[in-house]
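Residue numbers (this note's numbering), protein chains in the order written: chain U, 1 to 234; chain W, 1001 to 1256; chain Z, 2001 to 2222. All residues carry an ideal CB built from backbone N, CA and C; glycine is no exception. Small disclaimer: the values here were computed from a predicted structure and weren't measured. See structure below.
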Amino acid sequence: MASVATRRSAETWSRALGWLSVVLVAISVGMIFLYAPSDRVQGAAQRIFYIHLPAAWLAYLSFFIIFVSSIAYLARRHPRWDRLARSAAELGFVFTTIVLLTGSIWGRPIWGTWWTWDARLTTTLILWFIYLAYFMLRAYVSDPERGARYAAVLGIVGFVDVPIIHMSVRWWRTLHPEPIVVRAEGPAMPDTMLYTLIVALVAFMALYVFLLIEKYRVERMKDELAEVRLQHGV
Amino acid sequence: MMAVAGPDVARTETPPGPTAAALAAPAVEATGLTKRYGNRLALHDVSLRVDPSECVGIFGPNGAGKSTLLRVLSTLARPTAGRVRCCGLEMPAQASEMRRLVGVVGHQTYLYDDLTVWENLDFYARLYGLRDAGDRIRQVLDLLGLGDRTEERVRALSRGLQQRLAIARAILHRPRVLLLDEPDTGLDREGRDRLASIIGEQVRLGGAVVLTTHAVEFGCQVASRVLFLDRGRLLWERPASGDLVDELERQLRRRA
Amino acid sequence: MTAARQIYAIVRKDLLLELRAREQVTGMAVFALLTLVTFNFAFDLTGADRAASGSGALWVAIIFAGLLGMGRAAAIDRQQGAWEGVLLSPVDRGTIFLGKLASALLFIGIVEALALAVFAALFSLPVLHPMVLLVVCLGTVGFGTLGTLFSVMAATTRAREVMLPVLLFPLSLPIVISAVRATTLLLTDRQAEVGPWISLLLGFDVLFLGISYVVFGHAVEE
């Protein structure tokens, strides 16, 4: 267990990171709406891309964190790895939901439909279902230690599966007629768009790390509270 | 990491030969066992040592952690903290070797209802890799007075006979350590006598027994030492004697 | 080979139980056939493009029946705590996994043989082609692998009937896609295109056999 001093300094850093991400997100929002040019083909609707793409990256990054901490948990059985997996899973689920929602909103004016069974979309939808299964599994197991082990098994199998799911869906699409819609693959991005995207990515990343640290701290507090209750027989 | 080791190295054919190290080591040695199930502390810092040729009786009110203790000793449950050694072998690194040395009777019979008496024991004999399976099965069935029921399905047996078969299953592979969780449940007079003589024989041959039971008199009769467990903690231990029966019953009533 | 003998012991036990109680194969088979019949009405499997929807119906039948059977198998093992008896024995956890997988594949295989024969007869499609059988085998191994791993986990949860499909369906999507595609291609005489799908199935099988063998021990401990 970390000493009081290191915890306090971690808290300070985390708070600083929190304020930094507030500032970065504010700048990013400003750039998205004021600095970045409107897309020639898609118009203002394309601006959702600056939220959609970072969210997608974070959704998959979360799953990677779950994967690594699941392996570590099964190997070491230290609750900290389970806490990390739990925290990353909640964030991952939120960001996967954001990806699906922003994608849908974006697709409506551009593709003319809320949903298309495109490979990336479908994979993200399945990822969302795997996250859902992950939470259900934990919720339906009465002993938290067992729940943590089961979740770790799912985290490992699921992570390895996602690229295969993506590959199978892509092959499945290419052997089918493509839906006749405008694809979001415009010409190379102008610099102003690229800068906006980079700032958005950095802002989201800072926000993500901040949220992950805070979520982890909350999970640790929950565990410690349970521990104290246990010791005093409450 | 348990259970991911490569192929189970040999030794499957022979029953656990009493190597010098195994004979010298305590049959069971547990230190600082703690087991949590969520917000419930089933065991709290329990340490115990059982020597060869010893039978230890564990008593305590319902929910004291007796069954959890036996589950942890038997490798079924991994302790939250603390460690278990058995004849010099350690969990979880040597789980497979350790399982070979331990025989368990639990709350459930561990039997398949739709298989016959013989098929059940035959299945377990195969898992343990017993070389003399047929002879040994006949032997344990005779010990439990089930010799003439080999072809009956377990489902058709009375609760008492099922319990006898569960005991036969536990001693099938000649374990050095017997962990018996209320083994006398449902047994009639005769079954209880057979159980007592199996325990006596195990102790006489240098094996060890750990048992829990609600039958105080029976427990004090077969055990050489008595431990008292309450709310996951080990409260006291004493050599077993006839005088202990009243004392135990009083304590059990008070803490129930 | 100790492991081989132990796997044999597990499969033999499961077979004996099935012969006695008939709790798995019969139910699975009836379920699979009813699925095929129901799909016939839902999708009109007699039309010209019946090869495409037919292979879908076939795989839905196989997968639903397999799901049912594997859930049942885990429940049977837990009756009277027999599963704990198995865990108490000195059998490597990976070996227990292989034993349970072998039993599952055997039972699903029997149901598939029946379903394929009936399917061929009802819809006059050439499903008894060796390549189709290969695809069925590969798909079943992949599905059975994840199913065996997850069914022992789901069996200890509340709402286990719900938990197994929730775990199994998203993760076996590649199996469903490639098996259905490959079967459709074979039934419509486009065998040249089937190669990538078979490699995908094979890759999936090998990968998840390995992972499940390793992590199974963590899933079964208490």
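Alpha-carbon spacing of M205/U relative to H1173/W, whole angstroms: In this model, M205/U and H1173/W are separated by some 59 Å (Cα to Cα).
Could you run through the segment 1068-1087 of chain W and flag, in chain order, every residue whose CB is less than 7 Å away from some CB of chain U? none
Partners in chain U for S2199/Z, counting only beta-carbon separations shorter than 8 Å: Ordered by position in chain U, no residue passes the 8 Å Cβ test against S2199/Z, which lies about 11 Å from the chain.
Under 8 Å by beta carbon: chain W residues contacting V2206/Z: What V2206/Z touches in chain W: nothing, since even the nearest Cβ is about 18 Å away.
Euclidean distance between Cα positions of G92/U and T116/U: 22 Å
Boundaries of the alpha helix (DSSP H) in which F64/U is found, first to last residue: 49-76
Can you give me the Cβ contacts of R1136/W inside the same chain, cut-off strictly under 6 Å, excluding the 5 residues immediately before and after it? L1130
Quick check on M221/U: buried or exposed, where buried means 16 or more other Cβ atoms within 10 Å of its Cβ? Classification of M221/U: exposed, given that the 10 Å Cβ count is below 16.
Cβ atoms of V2176/Z and W2083/Z: under 9 Å apart, would you say? no
For G1103/W, which of helix, strand or coil comes out of DSSP? strand
Consider the C-beta atom of F64/U and the heavy atoms of the ligand ATP; say whether any pair is separated by less than 8 Å. The ligand ATP is not part of this structure, which contains no ligands at all.
For T1080/W, does the three-state DSSP call read helix, strand or coil? coil
Between the segment 2049-2067 of chain Z and the segment 2129-2146 of chain Z, can you find at least three pairs of beta-carbon atoms closer than 8 Å? yes
Closest to L154/U by C-alpha separation, out of R170/U, F135/U, R8/U, would be which residue? Checked all of R170/U, F135/U, R8/U; the closest Cα to L154/U is F135/U.
In three-state DSSP terms, what is R1204/W? It is helical.
Contact check, S168/U vs L2200/Z, beta carbons under 9 Å: At a Cβ-Cβ threshold of 9 Å, S168/U and L2200/Z count as neighbours.
Got a sec: is the Cβ-Cβ distance from S70/U to anything in chain W below 9 Å? For S70/U, the nearest beta carbon of chain W is not closer than 9 Å to its own beta carbon.
Is there at least one Cβ from chain Z nearer than 9 Å to E1119/W's Cβ? yes
Decide if the segment 1091-1107 of chain W is in contact with the segment 2094-2110 of chain Z; the criterion is three or more beta carbon pairs, one per stretch, under 8 Å apart. no
Using beta carbons (cut-off 9 Å, strictly below), is N1062/W in contact with chain U? no
In this structure, what does DSSP give as the bridge partners for V1226/W? DSSP lists G1057/W, R1238/W as partners of V1226/W.
Does the segment 1197-1209 of chain W touch the segment 1043-1059 of chain W, meaning 3 or more C-beta pairs lie closer than 8 Å? Yes, the segment 1043-1059 of chain W touches the segment 1197-1209 of chain W.
Residues from the segment 2164-2184 of chain Z in contact with chain U, defined by Cβ distance under 7 Å: V2166, L2167, P2170, L2171, L2173, P2174, I2177, S2178, R2181
Please list the partners that P2126/Z has in chain U, where partner means a Cβ-to-Cβ separation under 9 Å. Within 9 Å Cβ-Cβ: nothing; P2126/Z doesn't reach chain U, min ~21 Å.
Step through the CB atoms of chain Z and report whether any lies within less than 9 Å of the CB of P177/U. Low confidence applies here, because P177/U scores a pLDDT of 43, under 50, leaving its location unreliable and the question unanswered by this model.
Pull up the distance between the alpha-carbon of I156/U and that of D118/U, whole angstroms please. 25 Å
Contact set for A2154/Z: own chain, Cβ-Cβ below 6 Å, skip 5 residues either direction: R2160, M2163, L2164
With 8 Å as the limit, tell me which residues of the segment 160-172 of chain U have their beta carbon closer than that to any beta carbon of chain A; keep them in chain order. No chain A is part of this structure, whose protein chains are labelled U, W and Z.
Reduced DSSP secondary structure (H/G/I, E/B, other) of H1044/W: strand
Give the DSSP-derived three-state secondary structure of E2221/Z in the structure shown. coil
So does the segment 71-86 of chain U actually touch the segment 104-116 of chain U, counting three or more Cβ pairs closer than 8 Å? no
For S2178/Z, count the other beta carbons within 10 Å of its own beta carbon; 16 or more makes it buried, fewer makes it exposed. Which is it? buried
Name the chain U residues that come within less than 9 Å of V2215/Z, Cβ to Cβ? L74, A152, V153, I156, V157
Taking Cβ-Cβ distances below 9 Å as the criterion, which residues of the segment 1227-1244 of chain W are in contact with chain Z? none
Please name the residue, chosen from V1226/W, D1142/W, V1154/W, P1079/W, that lies closest to S1241/W on a Cα-to-Cα basis. V1226/W
On the CB-based measure, 16 or more other CB atoms within 10 Å of its CB, does T2046/Z come out buried or exposed? exposed
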